[in-house]
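Chemist:
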Ligand SMILES: O=C(CO)COP(=O)(O)O
C-alpha cells in the first residue's frame with residue numbers, strides 16, 4: 002500500500018500569531034510557486050496554541066491545502082483544568098493533527114507512555130490524527146538499546162487502541178540526541194527503528210495495520226538530508242523542528258522528491 006508522505010513542522014514555542022500568519026503565507030507561496038502537489042505529500046504546521054486561530058483564518062481564507070495541528074492536548078473533555086486545552090476546542094479550530102508525547106513534554110512534564118496513549122485516543126475520538134512521538138536518549142543509544150526502548154514506548158502508547166485507530170495514526174521516531182543538535186541520525190539509524198516499529202505494529206495488530214500506519218523520522222531534518230532519509234522504506238515523512246521555521250527551507254523539505 003502506498004502511504005502518503007507527511008511533512009510536519011513542529012514550531013515548538015516559537016512564533017507569535019502575527020509571525021505565524023507570515024510564515025504560513027510564505028510557505029504556501031513557496032509551494033504554489035513550485036506547483037507543489039498537495040495530494041502527493043501532506044504538509045502540516047504545528048504552531049503554539051495561541052497561533053492556531055490565526056493559522057485557521059489564513060488557511061481557510063486563502064483556501065490553502067496546508068494542514069495544521071496542535072502540540073499537545075488535554076485528556077479531559079472540559080472542566081476545572083486550569084491551563085489545559087481540550088480536543089474539541091482544537092477540532093473546532095480545524096486542526097488535523099495533535100502531536101502527543103513529544104520528548105520535550107515527556108521530559109519537562111513527566112508524560113508517561115500511558116498518558117501519551119490516552120492523549121492519542123482523545124485526539125482520535127475527536128476526529129484528529131495523533132502524531133505519537135517516541136525516541137531514545139543518548140545513553141540508551143550508546144548502550145545499543147534503542148530498538149527495545151522505543152518498542153516499549155510504542156507498546157505502552159498503543160495499549161488499548163484498536164487496529165482502526167492505529168491505521169489512522171502517525172508515529173514519529175525522534176531520537177532525543179538528534180533533536181536540535183544538528184546531529185542527524187543516519188538513514189540506516191532511522192530505518193532500523195522505524196522498521197522495527199512497523200514490525201511491532203504488525204505483531205500487535207496485523208499486516209494491514211502495519212502497512213497503513215505512517216512512521217516519521219524527526220531530529221535535525223533539513224532540506225540537505227531529507228531525501229536520503231525519505232528513501233528508506235519504512236520512513237513515511239518527517240517531523241521537523243528548527244528547519245520548519247523558515248518558509249523556503251520547509252518548502253524544500255516538503256519538495257524532497259522534486
Ligand atoms: O523535535 C523535533 C521535532 O518535533 C526535531 O527538532 P529539530 O528538527 O529542531 O531537531
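In the working numbering, the protein residues as written are 2 to 259.
For each residue, glycine too, the CB sits at the ideal point set by N, CA and C.
1. Residue ranges of each alpha helix (DSSP H) run of no fewer than 4 residues wholly in the region 138–224, ordered along the chain?
2. Regarding residue 189 and ligand 1, is the C-beta to nearest heavy atom distance less than 7 Å?
3. So, for residue 159: in the same chain, excluding its five sequence neighbours on each side, which residues have a beta-carbon less than 7 Å away from its beta-carbon?
4. Expressed to the nearest angstrom, what Euclidean distance is found between the alpha-carbon atoms of residue 124 and residue 88?
5. Please confirm whether any heavy atom of ligand 1 lies closer than 7 Å to the CB of residue 102.
6. Quick check on this structure: which residue in 154, 126, 175 has the alpha carbon closest to the alpha carbon of residue 165?
7. Go through the residues and name those whose CB comes closer than 6 Å to any heavy atom of ligand 1, in chain order.
8. I need the boundaries of the beta strand (DSSP E) containing residue 99, first residue and last residue.
9. Using CA coordinates, which residue listed in 137, 46, 178 is at the minimum distance from residue 96?
10. Residue 261: buried (16+ other C-beta within 10 angstroms of its C-beta) or exposed?
11. Would the beta-carbon of residue 243 fall within 8 Å of that of residue 196?
12. Using alpha carbons as the reference points, say which of 71, 202, 252, 259 lies closest to residue 15.
13. Considering Cα atoms alone, identify which of 90, 40, 3 is closest to residue 53.
14. Is residue 246 closer than 8 Å to residue 132 when the C-beta atoms are compared?
15. Roughly how many angstroms lie between the CA atoms of residue 208 and residue 78, to the nearest whole one?
16. State buried or exposed for residue 81, treating a residue as buried only when at least 16 other CB atoms are found within 10 Å of its CB.
17. Taking the alpha-carbon of residue 186 as reference, which of 25, 94, 29, 229 has the nearest alpha-carbon?
18. Considering only the alpha carbon of each residue, which of 112, 145, 184 lies closest to residue 222?
19. May I ask you to report which of helix, strand or coil DSSP gives residue 231?
20. Determine the contact status of residue 19 and residue 248, defining contact as a CB-CB distance below 8 Å.
21. I'd like the span of the alpha helix (DSSP H) that includes residue 46, first residue to last.
22. State the DSSP-derived secondary structure class of residue 236, mapped to helix, strand or coil.
Modeler: Inspection of the coordinates gives the following:
1. Runs of the alpha helix (DSSP H) inside the region 138–224: 139–143, 147–159, 164–169, 188–205, 208–213.
2. Answer for residue 189: no, Cβ out of range of ligand 1.
3. So the list reads 118, 167, 205, once near-sequence residues are dropped.
4. One C-alpha to the other measures close to 6 Å.
5. In this structure, residue 102 has its beta carbon at no less than 7 Å from each heavy atom of ligand 1.
6. Comparing alpha-carbon positions, the option among 154, 126, 175 lying closest to residue 165 turns out to be 126.
7. The set, ordered by position in the chain, is 11, 103, 175, 180, 181, 219, 220, 221, 222, 240, 241, 242, 243, 244.
8. 98–101 is the extent of the beta strand (DSSP E) around residue 99.
9. Nearest option by C-alpha distance: 46.
10. This structure gives no information on residue 261, because the portion of the chain shown stretches from 2 to 259.
11. No, the pair does not count as a contact, with Cβ atoms beyond the cut-off.
12. The shortest C-alpha separation from residue 15 is found at 71.
13. Selected option, being the one with the closest Cα: 90.
14. Here residue 132 is not near residue 246, since their CB atoms are 8 Å or more apart.
15. Spanning the alpha carbons of residue 208 and residue 78 requires a straight line of approximately 33 Å.
16. Of the other Cβ atoms in all chains shown, fewer than 16 fall within 10 Å of the Cβ of residue 81; this residue is therefore exposed.
17. Answer by Cα proximity: 229.
18. Answer by Cα proximity: 184.
19. Residue 231 falls in the helix class under three-state DSSP.
20. Result no, Cβ atoms of residue 19 and residue 248 do not sit closer than 8 Å.
21. DSSP places residue 46 in no alpha helix (DSSP H) but in the uninterrupted beta strand (DSSP E) bounded by 43–47.
22. Correct three-state label for residue 236: coil.
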